[in-house]
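Notes follow the structure.
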Amino acid sequence: MRSSILLADTRLGIALMLAGATSLAISDALAKFLGSSYPPLQLLFMRAMLGLPVAATLVLATLGPQGLRSVNIRLHLGRGAVNVGSAVCFYAAVTRIALAEATAIAFCAPLIVTAVAAVLYRERVTAGAWLATLAGFAGVLVIVKPGSQGLNWAMLLPLGTAICYALLMLSARHIKAGEHMFTMMFYIVAAQALWSALPQWWIWRPVAVQDVPTLLGLALTSTVGLGCLTQAFRVAPASIIAPFDYCALIWATLLGWWFWHEVPAPTFYAGALLIVAAGIYMATRKTPGAPRRSQAHDQ
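The sequence shown begins at 9 in this note's numbering and counts up one residue at a time.
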């Protein structure tokens, strides 16, 4: 009986992971559509403001009013600022490079966590983990092609996304125990709305009526995707479901090809394979002190 329940939870977790990764890939594509008309900070602000009621409804429906209480407000504000940096870098990237390339490079965040944790937290990192980290960074270099005549410096933007995302993963360790994942998700969205609101007086562009449905889709897919990923890590083991997050790379490649006729160079696939393989190894290895992928997806 217990094994059948665990199997059902695992299947549900995988389904939620696939749904969440797909929703976020669609959200990224919608951001690329809108990126030529609006600055990244405005896109993030509109996404957060439209997504905040959805996040609040989710918290109230599952946890009640007490779900909006937190003893980590200051930490959430700091993490929200870092999250703004992550999103702005990615939104700026997808308007300049292929969607698949930006997605693949951003997926090196768990590898950055390993390197930073070894230095700042004095964590013991196995030889296998270091080799996987080096392989993943080699994959980034294969995609970026530094030193080549055709180097596009916009390729560094998703690397900025990965660095900020890694900081989010590490900062999750400082959240006091007992806070629900949905509460953390709500405050991340709220902090996004707060920080991205500050510069709107100087950067705001009038919103075209025809863009409203796309903006609503951006907010809905990003919030629903985040909720699905958060719930996935609640019901199933991270080591089993985390690798399914990489289906977002498949969707990014297909969406980029379908809508913008983006066909990545052959070297992209080699680099992406290294990043994905390294990421899956890091997600499934058994290291008690390592940050879980769920901590990143709480964001």
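Even glycine gets a Cβ: it sits at the ideal position worked out from N, Cα and C.
Query                                                                                                               : Result
Distance between beta carbons of residue 33 and residue 259, contact taken as under 8 Å                             : 4 Å
Sufficient close CB pairs (3 or more, under 8 Å) joining the region 122 to 136 to the region 232 to 242             : no
Helix, strand or coil at residue 105 according to DSSP, with G and I counted as helix                               : coil
Residue 2 to residue 58 span [Cα, whole Å]                                                                          : Here the chain has residues from 9 to 307 only, and residue 2 is not among them.
Endpoints, the alpha helix (DSSP H) within which residue 120 is located                                             : 117 to 128
Validate contact between the region 76 to 87 and the region 34 to 42 using beta carbons, cut 8 Å, 3 pairs           : no
Supposed contact pair residue 117 and residue 290 - C-beta distance, whole angstroms, cut 8 Å                       : Rounded, the Cβ-Cβ distance is 10 Å, inconsistent with contact.
Exposure label - residue 211; buried when at least 16 CB within 10 Å                                                : exposed
Where residue 206 falls, given that 16 or more other Cβ within 10 Å makes a residue buried                          : exposed
Rounded Cβ spacing between residue 264 and residue 108 (contact assumed at less than 8 Å)                           : 5 Å
Sequence-distant residues of the same chain with beta carbon closer than 6 Å to residue 301, five excluded per side : For residue 301, the predicted model reports a pLDDT of 39, less than 50, meaning its position is unreliable; a value from the coordinates is still stated below. Excluding positions up to five away in sequence, the list reads 246, 250 and 291.
Alpha-carbon to alpha-carbon, residue 275 and residue 173                                                           : 25 Å
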